[in-house]
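In what follows, a structure is listed as C-alpha cells, so that the remarks can point back to it.
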Amino acid sequence: MTQLDFVATHHEEVTVISVQGSVDSLTADQLTEALGSQVSTGRIRLVADFGAVEYTSSAGLRSLLGSVKESRRLGGDLRMAAVQPAVLRVLSLSGFASIIKIYDDVASAIASYGAAA
Amino acid sequence: MQALEEVCRHANLDRETINDLLVVLDEVCANVFKHAYAGGEPGPLHVTVAHRPTPRPGVIGITLIDQGVPFDPLSLPEPDLASEAEDRPIGGLGVHLMRQLTDQQSYRYTSAAGNQLTLIKNIPAAQAN
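These protein sequence lines map, in sequence, to chains A and B. Each residue of the first sequence is one higher than the one before, counting from 24 in this note's numbering. Each residue of the second sequence is one higher than the one before, counting from 565 in this note's numbering.
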C-alpha cells in the first residue's frame, strides 16, 4: 500500500524516472533513493515523470529539492513532466514551480535538455 | 488514510479535494511524530475525520490529539518561498501546506488532553450533495 513503483528509461543522456503511487512521509525515501541512484551513477540529466502520481506531501518536495540541488551541482538537472493537478498545486503553493522546470509531457521535458545543451 | 478516503467518498468529494486532504493528513501526522514525540518514544495519536454536510456546502474536519510534549505547529514561522533552489532549506514546508490546503486551523493544549489540532476544509460548493 505504501509503495512507490519506478521505471527508469534512458534516452541518450537523459534518464526518465516514471513514478507511480503517492509520495508522502512513508514513501518519500523511496523517491530519494530512486533519483539518487541515478545521480550517483552519473545520470544527472533527469526527468521525473509524475503522470501517475496522485499527490505529494512536503516529504516528496524535500526529496525532489535534494535531487535538484545535487544534479545541478554536478552540471545536470531534475525536470518534471506530466504533473497532475494536486501535485502541481502543492508545487505552486510551496514556490517550487519557479525552482523546478515543469513540462506538459515527457517528450517535451526530454527535448528541453537538447535545447538547453 | 483509508478512513479519510472513505469519509471523502461518502461526502462525494472530487479526487483533487481528497488528494489535498491526504496531503494535509500526512503533514500533520508527520509533524506529531517529529515534534510531539521527538524523542522517538511511542505514544498515542488519535485522529478523527468527520463530514458535516450542513450548513451547505458543508465541511470536512480533521482533529488530531496526541499526548506528546506541547507543540503548536501554528506558531511556526512561514517558510521563505522566494529563494533559489541552492539557498532553499530542505524542509519546513509541511505546516505551510497544511495552512494553505485547509480553511481554518486551531490548536489547544491541556495537560489532561494533550495537544489538539483541529483543521477545517470547506467543501467546494460545486461538490456538495
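From the three backbone atoms N, C-alpha and C, an ideal C-beta is built for every residue, glycine too.
Within the region 79 to 91 of chain A, 79, 80, 81, 82, 84, 85, 88, 89 and 91 place their CB atoms closer than 8 Å to a CB of chain B, listed in sequence order.
Annotation: Cβ neighbours of residue 77 of chain A in chain B (cutoff 7 Å, chain order): 583. Comparing alpha-carbon positions, the option among B/648, B/661 and B/575 lying closest to residue 683 of chain B turns out to be B/661. Under the three-state reduction of DSSP output, residue 41 of chain A falls in the strand class. Under a criterion of Cβ atoms nearer than 8 Å, the residues of chain A adjacent to residue 664 of chain B are, in order, 116. For residue 683 of chain B, the nearest beta carbon of chain A is not closer than 8 Å to its own beta carbon. Sequence-distant partners of residue 627 of chain B (beyond 5 residues in either direction) whose C-beta falls short of 6 Å from its own C-beta, in its chain, are 612 and 682. Taking CB atoms only, residue 62 of chain A has no neighbour in chain B less than 8 Å away. A Cβ-Cβ distance of about 7 Å is found for the pair residue 97 of chain A and residue 62 of chain A, placing them in contact under the 8 Å criterion. A direct Cα-Cα distance of roughly 10 Å separates residue 571 of chain B from residue 582 of chain B. About 5 Å separates the Cβ atoms of residue 94 of chain A and residue 101 of chain A, confirming a contact at the 8 Å cut-off. The straight-line gap separating the alpha-carbon atoms of residue 671 of chain B and residue 589 of chain B is approximately 15 Å. A straight line joining the alpha-carbon of residue 113 of chain A with that of residue 78 of chain A spans about 8 Å. Taking residue 686 of chain B as the centre and dropping the five residues before and after it, the same chain places the C-beta of 623 and 667 closer than 6 Å to its C-beta, in chain order.
Nearest CB-CB separation between residue 661 of chain B and chain A: below the 8 Å threshold. Nearest CB-CB separation between residue 667 of chain B and chain A: not below the 8 Å threshold. In this structure the region 67 to 77 of chain A lies against the region 127 to 139 of chain A, because at least three pairs of beta carbons, one per stretch, are closer than 8 Å. A distance below 8 Å separates the beta carbons of residue 630 of chain B and residue 600 of chain B. Around the beta carbon of residue 619 of chain B, fewer than 16 other beta carbons sit within 10 angstroms, so the residue counts as exposed. Residue environment for residue 586 of chain B: buried (at least 16 other C-beta atoms within 10 angstroms of its C-beta). Taking 8 Å as the cut-off, the beta carbon of residue 678 of chain B is found closer than this to the beta carbon of residue 632 of chain B. The continuous stretches of alpha helix (DSSP H) do not include residue 604 of chain B, and DSSP gives it neither H nor E. If you check the CB distance, residue 131 of chain A and residue 104 of chain A come in under 8 Å. When B/634, B/605 and B/614 are compared, the shortest CA-CA separation from residue 680 of chain B is found for B/634. The DSSP-derived three-state label of residue 49 of chain A is coil.
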